[in-house]
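Engineer:
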Amino acid sequence: MSAIARIASIFFLASVAQLAVAAPVEERSKVTAAVVGEHVNATSFDIEERGNIYGDATYYNTGLGSCGWWSQDTDYIVAVNWQQMANGANPNNNPNCGKWINVWGPKGFVRVFVVDTCPGCAYGALDLSPAAFDKIADRSQGRVKVWWNWS
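In our numbering, the protein residues as written are 303 to 453.
1) Residue range of the alpha helix (DSSP H) that D377 falls in?
2) Give me, in chain order, the residues of the same chain whose beta-carbon lies closer than 6 Å to that of A434; leave out the 5 immediate sequence neighbours on both sides.
3) Alpha carbon to alpha carbon, what distance is there between Y362 and R441?
4) Can you give me the C-alpha to C-alpha distance between W371 and C420, rounded to a whole angstrom?
5) Tell me the rounded alpha-carbon separation between D429 and V405.
6) Between the alpha carbons of D384 and A424, how many angstroms are there, rounded?
7) Could you check where the alpha helix (DSSP H) with W452 kicks off and where it finishes?
8) Quick one: what's W406 bridged to in DSSP?
9) Using alpha carbons as the reference points, say which of V446, A381 and K437 lies closest to G410.
10) Going by DSSP, which residues form a beta bridge with D436?
11) Are there 16 or more other CB atoms within 10 angstroms of the CB of V446, so buried, or fewer, so exposed?
12) Helix, strand or coil, according to DSSP, for N394 in the structure here?
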């Protein structure tokens with residue numbers, strides 16, 4: 303995400319936060335529901351500042367990942383976007399390999415193991431195994447909005 307787009311997002315999300323605080327109690331509960339409810343909503347302000355990251359999730363056919371480990375489509379694994387994975391000269395030595403990530407999507411929650419890098423993914427995006435994606439969304443959706451954090 304470019305610096306200008308990130309700044310614009312911060313201003314938008316800050317204005318939503320101000321509306322939530324100034325709103326009557328019944329309106330505040332609607333904004334809170336957008337943040338903690340089953341469905342991820344673009345009004346979920348400052349999620350990354352609280353240790354959570356907002357982005358897209360897709361799924362892919364697994365195999366040998368950049369961490370040097372083999373996986374199957376039935377495993378709960380993830381390929382993290384290249385920016386946040388930050389591979390060095392030898393991606394097998396990446397300290398993010400083997401970490402756990404908690405992911406929340408439209409259908410629910412899944413905990414996944416980091417085994418790969420997604421070179422085509424934008425900042426904040428995750429590429430999940432089919433089994434993991436099934437826990438948070440229907441495959442027919444292909445791409446969904448999620449929020450996640452390092453476990």
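Heads up, the beta-carbon is just placed ideally off N, CA and C, and yes, glycines get one too.
Structural biologist: Short version:
1) Numbered from 1 along the sequence shown, position 75 holds the residue referred to as residue 377. Run containing D377: none; DSSP gives neither H nor E here.
2) Position 132 of the sequence shown, counted from the start, is the residue given in the question as residue 434. Here the set comprises Y378, V412 and V414.
3) Indexing the sequence shown from 1 puts residue 441 at position 139. Indexing the sequence shown from 1 puts residue 362 at position 60. Spanning the two alpha carbons is a distance of roughly 11 Å.
4) Taking the first residue of the sequence shown as position 1, residue 371 is located at position 69. Taking the first residue of the sequence shown as position 1, residue 420 is located at position 118. Their backbone Cα atoms lie some 15 Å apart in a straight line.
5) The count along the sequence shown starts at 1 and reaches residue 429 at position 127. The count along the sequence shown starts at 1 and reaches residue 405 at position 103. C-alpha separation (whole angstroms): 11 Å.
6) Taking the first residue of the sequence shown as position 1, residue 384 is located at position 82. Taking the first residue of the sequence shown as position 1, residue 424 is located at position 122. The sequence shown places Trp at residue 384, not Asp. Rounded to whole angstroms, W384 to A424 spans 8 Å at the Cα level.
7) In the sequence shown, counting from the first residue as 1, residue 452 sits at position 150. Looking at the DSSP string, W452 is not in any alpha helix (DSSP H); the run it does join, the beta strand (DSSP E), is V446 to W452.
8) As a working note, residue 406 is residue 104 in the sequence shown. Under DSSP, the beta-bridge partners assigned to W406 are F411 and W449.
9) Locating residue 410 in the sequence shown gives position 108, counting from the first residue. When only C-alpha atoms are compared, the closest one is K437.
10) If you number the sequence shown from 1, residue 436 lands on position 134. According to DSSP, D436 bridges with nothing at all.
11) Your numbering for residue 446 matches position 144 in the sequence shown. Of the other Cβ atoms in all chains shown, 16 or more fall within 10 Å of the Cβ of V446; this residue is therefore buried.
12) Walking along the sequence shown from the start, residue 394 turns up at place 92. Note: N394 maps to helix in three-state DSSP.
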